[in-house]
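With the working numbering applied, the sequence shown closes on residue 156, and no number is skipped along the way. Beta carbons are placed, not taken as given, at the ideal position from N, Cα and C, and that holds for glycine. Okay, so here's the structure we're looking at.
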Amino acid sequence: MSDNSETVKARLLAELTRHIGRPRAIGMGELHEKVLGRPAGNRINGTRRLRKLITELREDGVAICSTAETDGGGYYLASPGGSEFERYCAGLRAAGLRKLALEARIRRRTLPGILSEIQLELRP
């Protein structure tokens, strides 16, 4: 199979469109084989490229969710316009706020203070 990143990214997205909703999640091992045509090998190093492409697709605006359940965990696309999509977005926001709260504690500041600084930085 071709190693061109854009081609692999397109295959990844095509495969994920077969896995919409949490019940249809696909494990990383199976996803790796379907997209790259070979076993992943090492769980961490062997899947790095595919995880990087998943991050790129997320940055492109694709709602790729993941679950770590032992019976059917893996990656899937959030159902559009439904509660899965809302949960995914809420999780992203909560993770961002946790990181900002951590920054506030490290700087010995309040979270509202950090947020107002960010707001000022974003204004043109």
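Open item on the list: Buried or exposed for isoleucine 138, going by 16 or more other Cβ atoms inside 10 Å?
Closed with: In the sequence shown, the residue the question calls residue 138 occupies position 106. Its Cβ having fewer than 16 others within 10 Å, isoleucine 138 is exposed.
Open item on the list: Within a Cβ cutoff of 6 Å, which residues of the same chain sit near glycine 145, ignoring the five residues on either side of it in sequence?
Closed with: Position 113 of the sequence shown, counting from 1, holds the residue named residue 145. So no residue of the chain qualifies.
- [ ] Provide the residue(s) that pair with leucine 85 in DSSP beta bridges, ordered along the chain.
- [x] Indexing the sequence shown from 1 puts residue 85 at position 53. Paired residues: none, contrary to the question.
Task: Cβ pair methionine 60, threonine 79 closer than 7 Å - done: By one-based count along the sequence shown, residue 60 stands at place 28. By one-based count along the sequence shown, residue 79 stands at place 47. Yes, they are a contact pair.
TODO: Can you have a look at leucine 134 and say buried or exposed, based on whether 16 or more other CB atoms are within 10 angstroms of its CB?
DONE: Within the sequence shown, the letter at position 102 stands for residue 134. By the neighbour-count rule (16 or more Cβ atoms within 10 Å), leucine 134 is not buried but exposed.
Open item on the list: With the cut-off set at 7 Å, would you say alanine 110 and alanine 95 are in Cβ contact?
Closed with: Position 78 of the sequence shown, counted from the start, is the residue given in the question as residue 110. Position 63 of the sequence shown, counted from the start, is the residue given in the question as residue 95. A contact, by the Cβ cut-off of 7 Å.
Task: Given glycine 114 as reference, the closest of Glu149, Gly106, Ile52 once Cα atoms are compared - done: As a position in the sequence shown, residue 114 is number 82, starting the count at 1. It is Ile52 whose Cα lies nearest to the Cα of glycine 114.
Open item on the list: Once the 5 residues before and after glycine 106 are set aside, which same chain residues still bring their CB inside 6 Å of it?
Closed with: Position 74 of the sequence shown, counted from the start, is the residue given in the question as residue 106. Setting aside the 5 residues that flank it on each side, glycine 106 is surrounded in the same chain by Ala57, Ile58, Gly59, each with a C-beta closer than 6 Å to its C-beta; the list follows chain order.
Open item on the list: Could you compute how far the alpha carbon of glutamate 91 sits from the alpha carbon of proline 156?
Closed with: The count along the sequence shown starts at 1 and reaches residue 91 at position 59. The count along the sequence shown starts at 1 and reaches residue 156 at position 124. The straight-line gap from Cα to Cα measures roughly 23 Å.
TODO: Per DSSP, which residues does tyrosine 20 bridge with? Please list them.
DONE: The requested residue 20 does not occur in the structure, where the chain is confined to residues 33 to 156.
Open item on the list: Suppose contacts are defined by Cβ-Cβ distances below 7 Å. Is glutamate 62 in contact with proline 71 by that definition?
Closed with: As a position in the sequence shown, residue 62 is number 30, starting the count at 1. As a position in the sequence shown, residue 71 is number 39, starting the count at 1. Taking 7 Å as the Cβ cut-off, glutamate 62 and proline 71 do not qualify as a contacting pair.
Open item on the list: Residues in the same chain with beta-carbon distance under 6 Å from glutamate 149, minus the five sequence neighbours each way, listed in chain order, please.
Closed with: Position 117 of the sequence shown, counted from the first residue, corresponds to residue 149. Excluding sequence neighbours, glutamate 149 sits near nothing in its chain.
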